[in-house]
Amino acid sequence: MDFLLIDCYSIAYASHFSAPMRGQDGNEVQAIYVTLRTIAKRARENPTFAPVLLWDGHAKWRYDLYPEYKSGRKKGEAALAARESVSRQMPHLRIMLSKLGLMQLHDPNAEADDIGHQLGNALVAKGHTVKFLTGDHDWLQNLQPGASWLDHRTDTHIATPDEMEAAVGARTARDFVQIKAMVGDTSDSIEGVAKIGEKTAPKILAEFGSVEGFFAKVDVGEFVPKLVAHKNLASEEGRAIYRRNLQLMDLSLAPRLSSESIVTTRENVDHATFLDWCEHFQFRYFLQNPAKLTGPFDDLVRRADYSGLFQALHQLGDIEEEE
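Here is the structure:
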């Protein structure tokens, strides 16, 4: 069985910026509406893939390591309002997705990124094909034979090193995360090494093979930094920033998850309750064309075999990361 691992918050947050919609209570509901349509569309396009919805928990260890982690996301009234609106919509979205009979996974102490990475590795190791549906480039770390990345916003599909290099300037997950650790990530409020940007970082890897290779040559005197970017990276502060960022960003370094920590939920299909929610939120398109939304899911739910998923979950701790 093939599996479509879905980054629900990534889709919902992007969906929030669609044309505004309001339910009977006056609250915004476009994140719910567009997310449902997006997942239905991808289900139709990938009929051999069983959808698995992944939700974020709170990875406290990242905030302990770097208290500023994701803090910038709430700066500015518009950004704060958007986050709050999406957060209000999430419980309703999860309920509606459950009424479609879809499998949902959540770990209270991990992000969807962590679940996707470790579960994806376990599924591929057992011979399954995996596709990651997200708008988050961090999930490109999951790219390997048998696993690909699909951007729900642009339809960009990345499955090979050449495609990855064209998209982000790195051919491997290892290179990608090293570049990110040097540059930082403004979307997550992660500060990078000063004066190192997206053009400079790949050049450092091309010249030295890796950041640790750069450090090694500096330490034995084989390379004397002269450029400001090189001096900054070689400094104690630069090394500390890089290694902290690597710990935050490299999904292979996250705490190991287990079947005991991941909560799985899947309810029976309940079209009547789903349509009641559509009425409540005034989703007229769904009410007038229910089969266009529920049809793809009904077919998948009937055919989906999740035994491979549960086997992979139970073997999470046994999968070793490749260097």
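Counting in our numbering, the sequence shown runs from 124 upward without gaps. Positions of the beta carbon are idealized from the N, C-alpha and C atoms, including for glycine. Values in this document were obtained by computation on a predicted structure and should not be read as measured data.
Of the candidates Gly344, Ala293, Thr257, the residue whose Cα lies closest to the Cα of His280 is Thr257. Trp272 has Phe255, Ile281 as its beta-bridge partners, per DSSP. Taking all protein chains shown into account, Arg425 has fewer than 16 neighbouring C-beta atoms within 10 Å of its C-beta and is therefore exposed. Taking a contact to require three or more Cβ pairs closer than 8 Å, the region 226-234 and the region 382-397 qualify as touching. 8 Å or more divides the Cβ of His215 from the Cβ of Leu374. If you keep only unbroken alpha helix (DSSP H) runs of at least 4 residues inside the region 315-383, you get 323-331, 334-342, 351-357, 359-372.
In the three-state DSSP reduction, Ile134 falls in the helix class (H, G or I).
Here Arg145 carries a strand assignment [DSSP, helix/strand/coil].
At the C-beta level, Met219 and Ile129 stay beyond 8 Å of one another. When the five nearest sequence neighbours on each side are left out, the beta carbons in the same chain lying within less than 7 Å of the beta carbon of Trp262 are those of Asp130, Asp236, Gly239, Phe255, Trp272, in order along the chain. For Val392, there is no enclosing alpha helix (DSSP H), as DSSP gives it neither H nor E.
Nearest to Arg160 by alpha-carbon distance, out of Ala282, Arg407, Tyr429, Gly315, is Arg407.
Between Lys249 and Ala435, the gap from beta carbon to beta carbon is short of 8 Å. If you look at Val152, you'll find it isn't in any alpha helix (DSSP H); DSSP assigns it neither H nor E. By the neighbour-count definition (other C-beta atoms within 10 Å, threshold 16), His251 is a buried residue.
Distance between Phe126 and Gly243, taken at the CA atoms: about 9 Å. For Phe420, the uninterrupted alpha helix (DSSP H) segment begins and ends at 413-426.
In the structure shown, the three-state DSSP call for Ala235 is helix. Restricted to the region 173-198, not a single beta strand (DSSP E) segment is unbroken, complete and at least 3 residues in length. Thr309 sits in a helix when the DSSP states are folded into three classes.
Using a Cβ-Cβ distance cut-off of 8 Å, the region 168-187 and the region 136-156 are not in contact, since fewer than three pairs of beta carbons, one from each stretch, lie closer than that value.
Within 10 angstroms of the beta-carbon of Leu266 lie 16 or more other beta-carbons, which makes it buried. Judged by DSSP in its simplified three-state form, Asp125 adopts strand.
The Cβ-Cβ distance between Tyr189 and Arg366 does not fall below 8 Å. In the structure shown, Gln267 adopts extended strand secondary structure according to DSSP, grouped into three states.
Residue range 200-222 is occupied by the alpha helix (DSSP H) that includes Gln212, with no beta strand (DSSP E) assigned at that position. In the three-state reduction of the DSSP assignment, Thr387 falls in the strand class, which pools E and B. Here Gln241 carries a helix assignment [DSSP, helix/strand/coil]. DSSP places His229 in the uninterrupted beta strand (DSSP E) bounded by 226-229.
In summary, Leu410 is exposed, with fewer than 16 beta-carbon neighbours lying within 10 Å of its beta-carbon over all protein chains present.
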